[in-house]
Structure formats: structure tokens, C-alpha cells
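Residue numbers (this note's numbering): 1 to 351.
Working notes, beginning with the structure itself.
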Ligand SMILES: [Zn+2]
């Protein structure tokens with residue numbers, strides 16, 4: 001969640017062209033598939049195919065991980081105001097990450113994958129049937145950032161706890177539960193060529209090829225001179241240590257002028273300026289920054305959470321310019337489609 005002006009209702013999305021479509025030979029350690037060689041038509045533009053590889057057992061693979069015991073995080077939902085208990089549970093290899101609404105009949109499950117994302121303003125919501133989970137991005141960022149691949153995320157309300165607007169409470173819970181290495185290797189989606197998506201308002205999100213295990217995010221935040229959010233840029237290679245120390249503590253932020261409008265709509269009734277960063281003309285109101293570039297770091301946090309919806313690891317160098325959740329989901333959806341066309345998506349997760 002962030003209150004950035006880039007998080008607007010859906011705009012037309014365009015994908016940057018891949019100039020060639022070149023099949024490459026697979027090596028002994030790497031299975032590779034290319035995206036279906038077809039163009040995907042939007043309402044007014046032809047979207048070009050993306051070439052990716054989906055690799056298993058690439059050099060120096062890491063194994064899947066889960067947590068050692070259940071741990072809970074309590075709080076209330078920033079949007080719905082609902083009190084909620086969220087429990088992270090251990091899960092077996094190849095389980096993935098699933099939300100479970102234990103307060104509903106039959107305890108419906110929702111896989112934390114882009115297929116279940118619905119378009120909502122300012123946050124990422126997952127929905128399956130009548131069951132949905134609001135504000136998934138911070139808990140998913142914590143799991144993906146800490147490289148926890150398998151986790152059953154139970155909650156007794158429709159929104160994950162907002163806590164302090166960061167992912168730190170979830171990271172603290174994960175660390176307190178201890179991390180368990182599993183035998184199965186992770187899957188990695190790796191774009192072979194630069195690709196991306198952009199909106200007509202100037203927000204832009206690209207991903208460039210990187211070393212097989214590298215996932216770097218650069219966020220260029222510039223909302224203009226009139227914004228209460230100062231221009232800032234942050235860049236980090238996402239590893240568990242870096243995520244826990246540099247990214248997880250960064251809180252969501254909102255312009256002071258926007259929060260009143262949201263409260264009139266019924267959102268955030270319990271949220272105060274001490275719960276997250278409310279930015280006025282002179283900086284945070286009733287609060288202090290944890291980092292000079294806390295806003296850009298939080299946008300990286302949101303990217304980690306949204307990219308987790310690919311359902312496996314991703315390799316690449318991401319550059320985001322004013323990108324919000326909607327654009328993140330657009331690129332993730334396209335990468336996921338390409339990965340699925342490679343027929344290497346784990347079938348055990350398709351049930
Ligand atoms: Zn956020």
C-alpha cells in the first residue's frame with residue numbers, strides 16, 4: 001500500500017517491444033521455454049511477446065524454505081478497520097503461499113498468485129469466489145523478501161493487519177518462527193530481454209536481464225515539485241538480509257490531503273498519523289522518517305510483494321518510475337503468462 005499519485009484507476013497499459021524472438025539452446029542445468037510466439041492485442045496497441053526462461057536447478061540454486069512453527073500477527077485493517085489475527089503456518093515443499101480465510105465456511109484458500117489478483121486502488125487484493133483478502137502486499141513482501149516459499153497464511157478477517165504500515169512485524173514473526181530449509185529447489189522466472197510496461201501518465205516499470213540469482217529493484221520516485229513527497233531514488237539487490245534490514249522497516253505513506261478524502265469514503269477510520277507516514281508540507285506529521293528515502297524504499301517493498309504473485313523467484317533488474325500496484329500487476333501478469341506458456345509452472349499448484 002502507498003498513497004502515491006501513481007496508484008490510479010486502470011489506465012491503458014503498453015508493453016515495450018521485444019525486437020527479436022530468438023530461441024536459445026538449453027544447457028544441461030537449465031530448462032528453458034520461450035513465450036508463445038504471438039502478439040497479444042489490447043484495445044489500441046499490439047503487445048509484443050516477451051522472451052523469458054523458466055529455470056530449474058540453475059547454478060547455485062537455493063532450496064525452498066518454510067518456517068518452523070506457526071506465528072501470529074495481530075492488528076486491524078487499514079482499509080476495512082476490521083480486527084484481524086493473521087497466522088503464518090509451515091507448509092510442505094511446492095505448497096507455495098496461500099491465504100486461508102478461516103472465518104468463512106469451509107475456510108476457502110486463495111493462492112497468492114497473480115491469477116487471483118483483482119483491480120483495486122492503492123493496494124493488491126486477491127479474490128477467489130466470494131472470498132477475498134485485502135492488502136496482501138506487505139505480508140507477501142515479507143515472505144518473498146525472506147525467501148519463504150511455502151506458507152499457509154491464515155486470517156480471520158478480509159484484510160491483513162496494517163500494523164505500522166511496513167513489513168517489519170511480519171519479518172519479525174518469520175524470524176521468531178525460525179526458517180526451515182527444504183529439499184526441493186526453487187523455480188526462477190528470468191526474462192531474457194529487457195521488457196516492461198508503462199502508463200500514459202509517465203509511470204513506467206521495466207525489467208532487464210540479470211545474473212540468474214539477482215533480483216534488484218531501483219525505484220525512482222518523482223511526483224513533481226508540488227508533491228509533499230520529496231524526489232528520491234533507492235536501489236537494492238533483494239536478499240533476505242537486505243530486505244530485513246533496509247526494506248522491511250519502510251512504512252507506507254500518504255499525502256495529508258488525501259487521507260481526509262479516504263476517511264470520508266469510510267477507509268482508514270482507525271488510522272492515525274502515528275500508524276504510518278502522513279506527509280504534510282513540512283514532512284511527516286506526528287512521526288519521524290526511519291530512512292531519508294523511506295518512501296522510495298517502501299515502493300520497493302510493494303514491488304517485492306507484488307512480484308511475489310509470479311509464484312516463484314524472479315531474476316532481473318527492475319527499474320520503476322512512479323510505478324504503483326496496478327502497473328506492478330500488469331507486468332507480473334505478463335511475466336506469469338509467459339512462464340505458463342513455457343509449461344513449467346508447477347502442476348501441483350494448479351489444483
Ligand atoms: Zn505498501
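Ideal Cβ positions, reconstructed from N, Cα and C, are used throughout, including at glycine.
>> My output table needs one value for residue 53: the three-state DSSP class, helix, strand or coil.
In response: Taking the chain shown and counting its residues from 1, one reaches residue 53 at position 53. Low confidence applies here, because residue 53 scores a pLDDT of 49, under 50, leaving its location unreliable and the question unanswered by this model.
> Mind checking whether residue 321 and residue 187 have CB atoms under 8 Å apart?
Replying inline: By 1-based counting over the chain shown, the position of residue 321 is 321. By 1-based counting over the chain shown, the position of residue 187 is 187. No, Cβ-Cβ distance for residue 321 and residue 187 is not below 8 Å.
> If you draw a straight line from the alpha carbon of residue 47 to that of residue 256, how long is it in whole angstroms?
Replying inline: The count along the chain shown starts at 1 and reaches residue 47 at position 47. The count along the chain shown starts at 1 and reaches residue 256 at position 256. For residue 47, the predicted model reports a pLDDT of 39, less than 50, meaning its position is unreliable; a value from the coordinates is still stated below. Near 38 Å, if we compare the C-alpha coordinates of residue 256 and residue 47.
> In terms of alpha-carbon separation, which member of 196, 192, 79, 243 lies closest to residue 301?
Replying inline: In the chain shown, residue 301 corresponds to position 301, counting from 1. Residue 243 is the option with its Cα nearest to residue 301.
>> List, from N- to C-terminal side, the alpha helix (DSSP H) runs of 4 residues or more that fit wholly inside the region 160-208.
In response: 168-177
> Hey, would you say the C-beta of residue 352 is under 7 Å away from at least one heavy atom of ligand 1?
Replying inline: Nothing can be reported for residue 352, as the shown portion of the chain is limited to 1 through 351.
> What number of angstroms, rounded off, separates the C-alpha of residue 213 from the C-alpha of residue 329?
Replying inline: To locate residue 213, count along the chain shown from 1; it is residue 213. To locate residue 329, count along the chain shown from 1; it is residue 329. Roughly 22 Å separates the two Cα atoms.
> Can you name, in chain order, every residue of its own chain whose Cβ lies under 6 Å from the Cβ of residue 103, other than the five neighbours on each side?
Replying inline: Counting from one through the chain shown, the residue named residue 103 turns up at place 103. 156.
>> Please report the distance separating the alpha-carbon of residue 258 from that of residue 193.
In response: As a position in the chain shown, residue 258 is number 258, starting the count at 1. As a position in the chain shown, residue 193 is number 193, starting the count at 1. Their backbone Cα atoms lie some 38 Å apart in a straight line.
> How about residue 298: is its Cβ closer than 7 Å to a heavy atom in ligand 1?
Replying inline: On the chain shown, position 298 is the one that residue 298 refers to. Flag set: Cβ of residue 298 near ligand 1.
> In angstroms, rounded to a whole number, what distance separates the CA positions of residue 348 and residue 199?
Replying inline: Your numbering for residue 348 matches position 348 in the chain shown. Your numbering for residue 199 matches position 199 in the chain shown. Caution applies to residue 348, whose pLDDT of 31 falls short of 50 and renders its modelled position unreliable; the model cannot decide the point.
> How long is the line joining the alpha carbons of residue 262 and residue 162, rounded to whole angstroms?
Replying inline: What you label residue 262 is simply residue 262 of the chain shown in a count that begins at 1. What you label residue 162 is simply residue 162 of the chain shown in a count that begins at 1. Rounded to the nearest angstrom, the two C-alpha atoms are 16 Å apart.
> Name the DSSP bridge partner or partners of residue 101?
Replying inline: For the purposes of this step, residue 101 is taken as the residue at position 101 of the chain shown. 155, per the DSSP bridge assignment.
>> Nearer than 7 Å: is that true of the beta carbon of residue 301 relative to any heavy atom of ligand 1?
In response: Counting from 1 along the chain shown, the entry for residue 301 is found at position 301. Yes, the beta carbon of residue 301 sits closer than 7 Å to at least one heavy atom of ligand 1.
>> Using the Cβ count rule (16 or more neighbours within 10 Å means buried), how would you classify residue 148?
In response: Locating residue 148 in the chain shown gives position 148, where the first residue counts as 1. Per the 10 Å Cβ criterion, buried.
> In the DSSP assignment, what residue or residues form a beta bridge with residue 217?
Replying inline: Reading the chain shown from its first residue, position 217 is the one you call residue 217. Answer is 236, 318, bridged to residue 217.
> What distance in whole Å lies between the Cβ atoms of residue 76 and residue 298, which are believed to be in contact at a cut-off of 8 Å?
Replying inline: As a working note, residue 298 is residue 298 in the chain shown. As a working note, residue 76 is residue 76 in the chain shown. In fact, because the Cβ distance is near 20 Å, the residues do not count as touching under 8 Å.
> Is there at least one non-hydrogen atom of ligand 1 closer than 7 Å to the beta-carbon of residue 252?
Replying inline: Sequence index remark: in the chain shown, residue 252 carries index 252 (1-based). Yes, the Cβ of residue 252 comes within 7 Å of a heavy atom of ligand 1.
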